[in-house]
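Enquirer:
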Amino acid sequence: MQQETIIVLDFGGQYNQLIARRVRECNVYCEIYSYRTPLEKIKAKNPKGIIFTGGPNSAYLPESPTIDPAIYGWGIPILGICYGSQLMMHMLGGKVCKAPEREYGKTLVDFDSATPLFAGIPAQNTCWMSHNDYIAQPAPGFAITAHTPNCPVAAAEDAARGLYAIQFHPEVLHTQNGTQMLHNFVYNICGCAGTWKMDSFVEHTVEELREKIGGGKVLCALSGGVDSSVCAALLAKAVGKQLTCVFVDHGLLRKNEREQVCAVFGEGGSFDINFICVDARDRFYNKLKEQSAPETKRKIIGEEFIRVFEDEAKKLGAVDYLAQGTIYPDVVESGLGGESAVIKSHHNVGGLPDTVDFKALVEPLRDLFKDEVRQAGRELGLPEYLVARQPFPGPGLAIRIIGDVTPEKVAIVQEADAIWREEVDKLPVAERPSQYFAALTNMQSVGVMGDERTYDYAIALRAVTTTDFMTAEITPLPQATILAAASRIVNEVKNINRVLFDYTTKPPATIEFE
Ligand code: XMP
């Protein structure tokens, strides 16, 4: 079935993924492509509408990103946002130039006429602006539909041609009613019906997997994280016993994590699959003995993980498919989707154990954003503690223990971390940090317990708020939460006599300690 699709053409804007996510929140499927994508390829996708993103360039400079002008005569509605709006105006004969005053931040915008794009939007609405250039004069055929004191053309449209330009960013939450505007575009203007729903995604994907896999055997490395768990659950539903999941306990997991994963995927759990839980704790502890350099630890763990996985795969013999929990941001950030970011080459894309014998990859989550993966997980009946999980690094607690790793230190950090998470989880969901954990510093200091002098470890608590994990702010938690956790940790966890709170943003610190 052809899914109704909106295409986001990426001109290097920082919010490109956010636009696609917002459109999908309106139950319309949306994909991101670079502005360099040939028009023929975009046409072949048969989209219901196009959105041009923002970007850092000036539309009137000759080397700036541009697009095949034939796109404007195609007849498919186009919404230009920020740079996208300026580019549209510039290409169609309007005047774009440096604004006398840069506009940045929340700005009160006056909406001048009731148009389908702004249906249900009040006459004055706070919008997020971020631009140095502005549209001084719209292109012929366009009517101005919104302005601000510093921006004569905050929005303009040529409804007959289906062309819409807005200077502000509807996709960021600082813009009031921003999602409503995108909703108006995809429904009122592009005529979408809203067919993108997670229950139908699960249903279709299960059918597609059955068709693709046939009677073949599938191997899946299950980490217990959200993506690999949902990937495994989809495959379990599709092909049952043809699926073998390998879960490696490297001894660096959080408290009870192994039990939680085994309860869902193991014997007596929700799925009828082959589940192998490898207890490789000693293998990893031995390799990590007396190693204290962060990069060395990471490398040892990465390599050993592949060795363990290969050992298990060998026992199974040849498989037909290897399943991976690659998700859409992995694809986009690896430079395969949009324009803006070859920010990091992601570990899920292209990093395969090359000695495992398989015919093809299956990546059933390749089209989904993280929040959609979680929704799919809920549809599949996975418990909340798996689908709502915060990110947890592959090397696990080894990079939350500064210096060398021992089983004793792992036990200390596991206990402290469990208490910290328990206390933070008492807060309403909206107030919780994006990532919060405890890390064991390598510092021992003097304390007093009862009448005894102690010389024990200091644990550090971390709580950050971030959307992209590239930068992070410190979450302003209630003092009572921190005090309760600190008090419980020194009372309940042996070998800790001091609790520190890390107030460092990223940058200059990273989220993890190593
Ligand atoms: P940093 O510490 O670089 O972390 O600020 C940013 C985000 O990435 C996670 N992280 C990792 N995830 N393997 C992973 O799968 C890793 O080696 C790794 N190192 C860091 C970290 O938890 C944070 O969410």
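So the sequence shown is numbered by the numbering used here: it starts at 692 and just counts up by one.
Built from N, CA and C at the ideal position, the CB exists for glycine as well.
#1: So, for L770: in the same chain, excluding its five sequence neighbours on each side, which residues have a beta-carbon less than 6 Å away from its beta-carbon?
#2: In chain order, what residues of the same chain have a beta carbon less than 6 Å from the beta carbon of R901, not counting five sequence neighbours either side?
#3: When you compare only the Cα positions, how much space is there between A1014 and L934?
#4: Between the C-alpha atoms of Y1246 and R1057, what's the straight-line distance to the nearest angstrom?
#5: Any heavy atom of the ligand XMP inside 8 Å of the beta-carbon of P1084?
#6: Does the region 916 to 927 come into contact with the region 1058 to 1073, if we say contact requires no fewer than three beta-carbon pairs (one atom in each stretch) closer than 8 Å?
#7: Should F1160 be listed as close to the ligand XMP, given that the test is whether its C-beta is under 8 Å from any heavy atom?
#8: Please classify N965: does DSSP put it in a helix, a strand, or coil?
#9: Name the two residues that bound the continuous beta strand (DSSP E) containing E950.
#10: Considering Cα atoms alone, identify which of P753, T1166, T839 is closest to E792.
#11: Taking only beta-carbon atoms, is S891 less than 9 Å away from chain B?
#12: What separation, rounded to the nearest whole angstrom, lies between the Cα atoms of G915 and V1096?
#13: Quick check on K1061: does DSSP put it in helix, strand or coil?
#14: Measuring straight from C-alpha to C-alpha, what distance separates D1048 and G907?
#15: Which whole-angstrom value is the C-beta distance of E1106 and V1184, which I expect to be below 8 Å?
#16: Can you look up W1111 in the DSSP assignment and give me helix, strand or coil?
#17: Is the closest heavy atom of the ligand XMP to the C-beta of K1197 under 8 Å?
#18: So the candidates are D1116, A790, N707, R1153; which of them puts its Cα closest to the Cα of T1132?
#19: Quick one: does the C-beta of I1202 sit closer than 8 Å to a heavy atom of the ligand XMP?
#20: Tell me whether the beta-carbon of K797 lies closer than 9 Å to the beta-carbon of D824.
#21: Please report the Cβ distance between V1053 and K932, rounded to the nearest whole angstrom; I am assuming they are in contact, meaning their Cβ atoms lie under 8 Å.
#22: Does the beta-carbon of P1123, which I'm using as the reference point, lie nearer than 8 Å to any heavy atom of the ligand XMP?
#23: Below 9 Å between beta carbons: does that hold for L783 and F833?
Expert: Taking the geometry as given:
#1: Looking up residue 770 in the sequence shown gives position 79. Answer for L770: I742, Y855, F876, listed in chain order.
#2: Residue 901 sits at position 210 when you count from the first residue of the sequence shown. The answer, listed in chain order, is A929.
#3: Counted from its first residue, the sequence shown places residue 1014 at position 323. Counted from its first residue, the sequence shown places residue 934 at position 243. So the alpha carbons of these two residues sit roughly 9 Å apart.
#4: Residue 1246 lies beyond the range of the chain shown here (692 to 1205); nothing can be said about it.
#5: Within the sequence shown, numbered from 1, the residue matching residue 1084 stands at position 393. Yes; taking the cut-off as 8 Å, the Cβ of P1084 has a heavy atom of the ligand XMP nearer than that.
#6: By the Cβ test, the region 916 to 927 is in contact with the region 1058 to 1073, since at least three Cβ pairs between them sit closer than 8 Å.
#7: By one-based count along the sequence shown, residue 1160 stands at place 469. True, at least one ligand heavy atom lies under 8 Å from that Cβ.
#8: In the sequence shown, counting from the first residue as 1, residue 965 sits at position 274. N965 falls in the strand class under three-state DSSP.
#9: Within the sequence shown, the letter at position 259 stands for residue 950. E950 -> not in any beta strand (DSSP E); alpha helix (DSSP H) instead, spanning 948 to 956.
#10: In the sequence shown, counting from the first residue as 1, residue 792 sits at position 101. Among P753, T1166, T839, the Cα nearest to that of E792 belongs to T839.
#11: Structure shown: chain B not included; a single protein chain is present.
#12: Numbered from its first residue, the sequence shown carries residue 915 at position 224. Numbered from its first residue, the sequence shown carries residue 1096 at position 405. G915 and V1096: Cα-Cα distance of roughly 22 Å.
#13: Position 370 of the sequence shown, counted from the first residue, corresponds to residue 1061. K1061 falls in the helix class under three-state DSSP.
#14: Counting from 1 along the sequence shown, the entry for residue 1048 is found at position 357. Counting from 1 along the sequence shown, the entry for residue 907 is found at position 216. Rounded to whole angstroms, D1048 to G907 spans 13 Å at the Cα level.
#15: Counting from 1 along the sequence shown, the entry for residue 1106 is found at position 415. Counting from 1 along the sequence shown, the entry for residue 1184 is found at position 493. The beta-carbon separation of E1106 and V1184, rounded to 4 Å, stays under the 8 Å limit for a contact.
#16: In the sequence shown, counting from the first residue as 1, residue 1111 sits at position 420. In this structure, W1111 counts as helix in the three-state DSSP scheme.
#17: In the sequence shown, residue 1197 corresponds to position 506, counting from 1. The ligand XMP approaches K1197 closely enough that one of its heavy atoms is under 8 Å from the residue's Cβ.
#18: On the sequence shown, position 441 is the one that residue 1132 refers to. T1132 has its Cα closest to that of R1153, out of D1116, A790, N707, R1153.
#19: For the purposes of this step, residue 1202 is taken as residue 511 along the sequence shown, with counting starting at 1. Yes, the ligand XMP has a heavy atom inside 8 Å of this Cβ.
#20: The residue you call residue 797 lines up with position 106 of the sequence shown. The residue you call residue 824 lines up with position 133 of the sequence shown. Against a cut-off of 9 Å, the Cβ pair of D824 and K797 comes out as no contact.
#21: In the sequence shown, counting from the first residue as 1, residue 1053 sits at position 362. In the sequence shown, counting from the first residue as 1, residue 932 sits at position 241. Between K932 and V1053 the Cβ distance is about 16 Å, and since that is not below 8 Å, they are no contact.
#22: As a working note, residue 1123 is residue 432 in the sequence shown. The question names Pro, but residue 1123 is Arg in the sequence shown. Checking every heavy atom of the ligand XMP against the Cβ of R1123, none is found closer than 8 Å.
#23: The sequence position of residue 783 within the sequence shown is 92, counting from 1. The sequence position of residue 833 within the sequence shown is 142, counting from 1. Yes. Within cutoff.
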